[in-house]
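There are 2 protein chains.
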Amino acid sequence: MSKTVLVLGGDGFCGWPTSLHLSALGYEVVIVDNFARRHIAEELGAPSLTPISSIDERLNTWKEVSGHDIDIVELDIARDRCELRRLLASVRPDAIVHFAEQRAAPYSMRDAARRAYTVDNNINGTHNVLSAIVELGLDTHFVHLGTMGVYGYEGDGLEIPEGYLDVVVEGPDGARHPRSILYPTKPGSIYHLTKSMDQLMFQFYARNDRMKITDLHQGIVWGTQTEQTRLDPALINRFDYDGDYGTVLNRFLMQAAAGHPLTVHGTGGQTRAFINIQDTVRCVALAIENPPAAGDQVRIINQVAETHRVRDLAELVAELTGADIEYLDNPRSEAAENDLAVSSKTLKGLGLEPILLRDELLTETVDIALRFIERANLDTIPATALWPGRRETETPQLEAPRFALR
Amino acid sequence: MSKTVLVLGGDGFCGWPTSLHLSALGYEVVIVDNFARRHIAEELGAPSLTPISSIDERLNTWKEVSGHDIDIVELDIARDRCELRRLLASVRPDAIVHFAEQRAAPYSMRDAARRAYTVDNNINGTHNVLSAIVELGLDTHFVHLGTMGVYGYEGDGLEIPEGYLDVVVEGPDGARHPRSILYPTKPGSIYHLTKSMDQLMFQFYARNDRMKITDLHQGIVWGTQTEQTRLDPALINRFDYDGDYGTVLNRFLMQAAAGHPLTVHGTGGQTRAFINIQDTVRCVALAIENPPAAGDQVRIINQVAETHRVRDLAELVAELTGADIEYLDNPRSEAAENDLAVSSKTLKGLGLEPILLRDELLTETVDIALRFIERANLDTIPATALWPGRRETETPQLEAPRFALR
Numbered sequence: 001m002s003k004t005v006l007v008l009g010g011d012g013f014c015g016w017p018t019s020l021h022l023s024a025l026g027y028e029v030v031i032v033d034n035f036a037r038r039h040i041a042e043e044l045g046a047p048s049l050t051p052i053s054s055i056d057e058r059l060n061t062w063k064e065v066s067g068h069d070i071d072i073v074e075l076d077i078a079r080d081r082c083e084l085r086r087l088l089a090s091v092r093p094d095a096i097v098h099f100a101e102q103r104a105a106p107y108s109m110r111d112a113a114r115r116a117y118t119v120d121n122n123i124n125g126t127h128n129v130l131s132a133i134v135e136l137g138l139d140t141h142f143v144h145l146g147t148m149g150v151y152g153y154e155g156d157g158l159e160i161p162e163g164y165l166d167v168v169v170e171g172p173d174g175a176r177h178p179r180s181i182l183y184p185t186k187p188g189s190i191y192h193l194t195k196s197m198d199q200l201m202f203q204f205y206a207r208n209d210r211m212k213i214t215d216l217h218q219g220i221v222w223g224t225q226t227e228q229t230r231l232d233p234a235l236i237n238r239f240d241y242d243g244d245y246g247t248v249l250n251r252f253l254m255q256a257a258a259g260h261p262l263t264v265h266g267t268g269g270q271t272r273a274f275i276n277i278q279d280t281v282r283c284v285a286l287a288i289e290n291p292p293a294a295g296d297q298v299r300i301i302n303q304v305a306e307t308h309r310v311r312d313l314a315e316l317v318a319e320l321t322g323a324d325i326e327y328l329d330n331p332r333s334e335a336a337e338n339d340l341a342v343s344s345k346t347l348k349g350l351g352l353e354p355i356l357l358r359d360e361l362l363t364e365t366v367d368i369a370l371r372f373i374e375r376a377n378l379d380t381i382p383a384t385a386l387w388p389g390r391r392e393t394e395t396p397q398l399e400a401p402r403f404a405l406r
Numbered sequence: 001m002s003k004t005v006l007v008l009g010g011d012g013f014c015g016w017p018t019s020l021h022l023s024a025l026g027y028e029v030v031i032v033d034n035f036a037r038r039h040i041a042e043e044l045g046a047p048s049l050t051p052i053s054s055i056d057e058r059l060n061t062w063k064e065v066s067g068h069d070i071d072i073v074e075l076d077i078a079r080d081r082c083e084l085r086r087l088l089a090s091v092r093p094d095a096i097v098h099f100a101e102q103r104a105a106p107y108s109m110r111d112a113a114r115r116a117y118t119v120d121n122n123i124n125g126t127h128n129v130l131s132a133i134v135e136l137g138l139d140t141h142f143v144h145l146g147t148m149g150v151y152g153y154e155g156d157g158l159e160i161p162e163g164y165l166d167v168v169v170e171g172p173d174g175a176r177h178p179r180s181i182l183y184p185t186k187p188g189s190i191y192h193l194t195k196s197m198d199q200l201m202f203q204f205y206a207r208n209d210r211m212k213i214t215d216l217h218q219g220i221v222w223g224t225q226t227e228q229t230r231l232d233p234a235l236i237n238r239f240d241y242d243g244d245y246g247t248v249l250n251r252f253l254m255q256a257a258a259g260h261p262l263t264v265h266g267t268g269g270q271t272r273a274f275i276n277i278q279d280t281v282r283c284v285a286l287a288i289e290n291p292p293a294a295g296d297q298v299r300i301i302n303q304v305a306e307t308h309r310v311r312d313l314a315e316l317v318a319e320l321t322g323a324d325i326e327y328l329d330n331p332r333s334e335a336a337e338n339d340l341a342v343s344s345k346t347l348k349g350l351g352l353e354p355i356l357l358r359d360e361l362l363t364e365t366v367d368i369a370l371r372f373i374e375r376a377n378l379d380t381i382p383a384t385a386l387w388p389g390r391r392e393t394e395t396p397q398l399e400a401p402r403f404a405l406r
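Going line by line, the protein sequences match chains A and B.
Residue numbering for the first sequence follows this note's numbering, beginning at 1 and increasing consecutively.
Residue numbering for the second sequence follows this note's numbering, beginning at 1 and increasing consecutively.
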């Protein structure tokens with residue numbers, strides 16, 4: 001009998017291709033979503049650059065092209081705790097993949113309402129799922145999408161291990177007391193704060209209830225399409241380029257497509273971790289296929305393929321498109337330059353050979369930006385969220401698209 | 001002009017005497033409460049042993065005996081974010097003391113509804129206050145009541161410092177990398193989990209918004225009355241003895257008063273930290289009078305007077321009352337025996353000379369238990385919350401009261 005996986009947030013940027021990937025692998029997939037991502041895109045006037053279909057059209061098309069059924073349940077896991085429990089009691093999933101947190105750092109810093117929404121949605125939603133698993137006595141493996149960003153980016157050059165850090169406490173008598181602790185977080189936004197708080201919940205439920213929990217500390221996801229979303233235009237994945245939900249790379253591509261200089265905040269010396277969307281879905285499947293043993297700890301896996309400095313990314317895109325680069329003030333409170341070394345031994349041990357962000361592999365994303373640039377609303381590109389004491393000075397330049405691949 | 005202090009949860013066991021103490025010191029006190037503690041006591045059929053008055057009667061009496069006004073605002077800070085902001089905008093308090101979290105570990109472990117309530121109330125409530133202070137640009141000093149319990153009780157014999165721990169990370173080349181980290185928590189209940197999560201919020205708002213935050217990591221509070229609550233019967237403080245909200249010491253006193261053996265869970269070798277209610281209110285006032293500088297860290301103070309093993313407490317009460325001691329299975333997942341050493345240098349540095357739990361000082365609490373034993377519902381004494389894999393085996397013995405002080 002095939003295994004059942006609940007994908008919370010299965011209509012979103014990572015959730016949708018993950019749902020298709022798991023369905024293609026033979027899992028019974030049930031998507032749970034309240035369509036918050038679509039609603040927020042409307043609220044911000046920042047729709048996906050790609051013309052995404054309704055969930056019904058997506059699922060009907062998937063059935064046509066693959067022969068597989070995916071169920072959809074519309075549900076707010078943060079607010080409808082009892083409905084969520086009824087669903088879990090009926091489906092009794094082997095695994096739950098949780099993409100249903102508000103995932104944009106700038107959005108979480110916009111104002112008090114968005115701060116409150118992010119805390120409420122992310123903490124209550126995540127806790128409701130954990131609590132329902134305990135209440136129903138399920139043996140479900142809970143897989144959560146976390147972020148490398150919880151650690152901040154002011155490291156001391158040491159490699160970031162996978163979740164737990166070995167430290168030594170030196171006693172007053174000079175004796176060495178070794179301890180293994182959750183790697184201390186240094187969140188730079190309310191969004192990152194909620195992901196830090198999640199870790200404590202996972203640690204608690206793993207230890208107290210011996211729940212099987214995997215937290216995938218993901219890098220910044222780049223790319224748009226996967227093997228499955230390419231199969232039909234109605235399966236196309238979303239592409240966000242606005243100041244809240246767009247990643248730095250997508251922003252560069254859109255700016256290039258619109259004939260605008262690539263705007264680099266600060267010196268561009270910030271080093272970040274990256275992973276391609278195709279590898280995100282592969283990693284989630286690997287995590288599901290290899291659940292951790294029940295034990296005292298949450299299993300934390302760094303879901304990262306490579307690290308790059310932001311200015312190197314800008315240079316890569318400039319080379320590819322002919323765009324100029326412009327350096328602006330940084331609206332975030334963060335280190336101007338940082339190194340970043342990340343252990344990703346678990347995924348390598350499971351056989352992942354990651355896709356790397358080289359010129360030729362960026363081509364697909366460049367192509368998406370070019371293909372749909374007429375749909376773009378370039379007013380949405382600047383980051384408008386304010387970190388304390390800082391103000392975004394970037395203003396959009398509404399010029400005609402003018403780049404071609406070269 | 002006198003300073004204004006908002007006391008969130010100012011109708012509760014610690015909040016009420018704190019409000020009176022601050023009012024007596026000349027602060028303008030505004031109590032904010034949604035009376036959740038009174039509602040939960042009704043829900044559990046476990047009213048205060050002492051006959052507490054309505055908030056209106058309390059405040060009218062206080063006005064009569066002291067001449068001071070205390071305002072009361074009925075408000076749910078977790079759910080009425082906008083109302084809370086309006087209140088803060090109007091009052092612009094110099095300090096906020098936050099007692100408005102659900103504070104019983106057993107209650108937080110009863111079932112899924114109480115787990116969800118505890119997470120929702122404690123996290124959203126605390127975050128709403130922090131966020132409103134930022135939104136309004138206030139210079140308010142935020143004082144939160146935390147607990148020593150977040151660290152668990154499985155230490156390695158080293159003294160628990162005040163919040164931050166110096167550790168050494170040893171690099172691959174053998175180099176020593178010293179770091180100062182938030183002392184890692186090991187919460188044993190959902191209640192303790194929320195207090196651990198609070199710390200991350202405090203750390204974030206201190207660092208990101210340079211908010212002045214003090215987190216008082218309190219020991220178990222004993223005693224009932226303070227200088228002010230003794231002034232009139234209508235000012236009397238609450239006394240809880242039920243399995244959810246009663247502390248171990250109050251439970252012993254009630255059992256003795258009812259002619260029941262004192263029930264010790266496990267070996268009674270659990271060591272816990274204690275503080276008298278009179279010192280709680282003094283410590284809060286000291287914290288308000290000595291705000292921290294705005295900086296990168298939350299100021300964490302261990303609000304602890306002394307530590308005792310549970311079986312030593314039982315022997316103290318047995319000596320005082322003639323009661324027997326009975327050893328039962330422990331419903332909690334915790335170490336059978338533990339040492340506990342706690343640094344409390346900040347409060348000592350501020351001049352606190354704590355009241356210690358010696359025979360003569362227990363007398364007042366014994367007196368309360370005896371005076372009101374006829375009001376007791378002894379069915380509520382056993383802990384009914386289940387930690388995983390454990391079940392409380394204690395059953396209440398409904399005998400007549402039969403002890404006298406000796």
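For every residue, glycine included, the Cβ atom is placed at its ideal position computed from N, Cα and C.
{"Item": "According to DSSP, simplified to helix, strand and coil, what is GLY389(B)?", "Value": "Residue confidence for GLY389(B) is low, a pLDDT of 41 falling below 50, so the modelled location carries little weight; the figure read from the coordinates is stated next. Three-state result, GLY389(B): coil."}
{"Item": "For the beta strand (DSSP E) that THR126(B) lies in, which residues bound it at each end?", "Value": "No beta strand (DSSP E) contains THR126(B), which is instead part of the alpha helix (DSSP H) from 125-136."}
{"Item": "Helix, strand or coil for ASP69(B), going by three-state DSSP, please let me know.", "Value": "coil"}
{"Item": "Is the beta carbon of ILE55(A) closer than 9 Å to that of ASP11(A)?", "Value": "yes"}
{"Item": "Strictly under 9 Å for the Cβ-Cβ distance: is LEU356(A) near chain B by that measure?", "Value": "no"}
{"Item": "With DSSP as the reference, label LYS150(B) as helix, strand or coil.", "Value": "The question names Lys, but residue 150(B) is Val in the sequence shown. The answer is helix: DSSP assigns VAL150(B) an H, G or I state."}
{"Item": "Can you grab the Cα-Cα spacing for the pair VAL7(B) / VAL143(A), in whole Å?", "Value": "40 Å"}
{"Item": "Give a yes or no on whether the C-beta atoms belonging to GLN446(B) and GLY223(B) are separated by under 9 Å.", "Value": "Any question about residue 446(B) goes unanswered here, given that chain B covers just 1 to 406."}
{"Item": "Would DSSP call SER344(A) helix, strand or coil?", "Value": "coil"}
{"Item": "Report back the beta-carbon spacing between ASN34(A) and ASP76(A) to the nearest angstrom; my notes put them in contact at under 8 Å.", "Value": "4 Å"}
{"Item": "The alpha helix (DSSP H) with TYR117(B) in it runs from where to where?", "Value": "112-119"}
{"Item": "Kindly indicate if chain A contains any beta-carbon less than 9 Å away from that of THR393(B).", "Value": "Annotation note: pLDDT 34 at THR393(B) (below 50); position unreliable, coordinate value reported separately. Closer than 9 Å: no."}
{"Item": "Quick one: what's got a C-beta closer than 8 Å to ARG311(A)'s C-beta in the same chain, skipping five residues either side?", "Value": "VAL264, THR267, GLY268, GLY269, ILE325"}
{"Item": "Quick one: is LYS186(B) near chain D, going by C-beta distance under 9 Å?", "Value": "The displayed structure is made up of protein chains A and B, and chain D is not among them."}
{"Item": "Mapping the DSSP letters down to three states, classify HIS260(A) as helix, strand or coil.", "Value": "coil"}
{"Item": "Between ARG58(B) and LEU235(B), what straight-line distance do the alpha-carbon atoms span, to the nearest angstrom?", "Value": "6 Å"}
{"Item": "For a test of the three-state rule: what should DSSP assign to PHE142(B), helix, strand or coil?", "Value": "strand"}
{"Item": "Does the Cβ-Cβ distance between VAL32(B) and VAL65(B) come in under 9 Å?", "Value": "no"}
{"Item": "Please confirm if SER23(B) has its CB atom under 9 Å from at least one CB of chain A.", "Value": "no"}
{"Item": "Step through the CB atoms of chain B and report whether any lies within less than 9 Å of the CB of LEU8(A).", "Value": "no"}
{"Item": "Quick one: measure Cβ to Cβ for ASP279(A) and LEU352(A), integer angstroms, because I've assumed they're closer than 8 Å.", "Value": "7 Å"}
{"Item": "Which bits of chain A does ARG81(B) rub up against, with CB to CB less than 7 Å?", "Value": "ALA116"}
{"Item": "Going by C-alpha distance, which of ILE300(A), ASP329(A), LEU253(A), GLY188(A) is nearest PHE372(A)?", "Value": "LEU253(A)"}
{"Item": "Given 8 Å as the limit, tell me if LEU200(A) has its C-beta closer than that to any heavy atom belonging to the ligand PLP.", "Value": "Judged by which ligands are present, the structure shown has none, so any question about the ligand PLP falls away."}
{"Item": "What residue range is occupied by the uninterrupted beta strand (DSSP E) comprising TYR107(A)?", "Value": "Unbroken run through TYR107(A) is the alpha helix (DSSP H), 105-108; no beta strand (DSSP E)."}
{"Item": "Tell me, which residues are paired with HIS217(A) by DSSP?", "Value": "GLY146(A), ASN302(A)"}
{"Item": "Restricting to runs no shorter than 3 residues, where is the beta strand (DSSP E) found entirely within the stretch 163-205 of chain B?", "Value": "164-170, 176-182"}
{"Item": "Please tell me whether VAL366(B) and LEU313(B) are closer than 9 Å, where the distance is taken between their beta carbons.", "Value": "no"}
{"Item": "For SER2(B) and LEU25(B), what's the separation of their Cα atoms in angstroms?", "Value": "10 Å"}
{"Item": "Given ALA369(A), which residues of its chain have a CB within under 6 Å of its CB, disregarding the five upstream and five downstream residues?", "Value": "LEU253, MET254, ALA257"}
{"Item": "Check whether chain B comes within 9 Å of ASP111(A), counting only Cβ atoms and requiring the distance to be less than that.", "Value": "yes"}
{"Item": "Under 9 Å, do LEU316(B) and LEU356(B) count as touching if we go by C-beta distance?", "Value": "no"}
{"Item": "Can you name the start and end residues of the beta strand (DSSP E) that THR420(B) belongs to?", "Value": "There is no way to answer for residue 420(B), as the model of chain B reaches only from 1 to 406."}
{"Item": "Using the three-state DSSP reduction, which class does GLY349(A) fall into: helix, strand or coil?", "Value": "helix"}
{"Item": "Are the CB atoms of GLU159(A) and ILE300(A) nearer to each other than 9 Å?", "Value": "no"}
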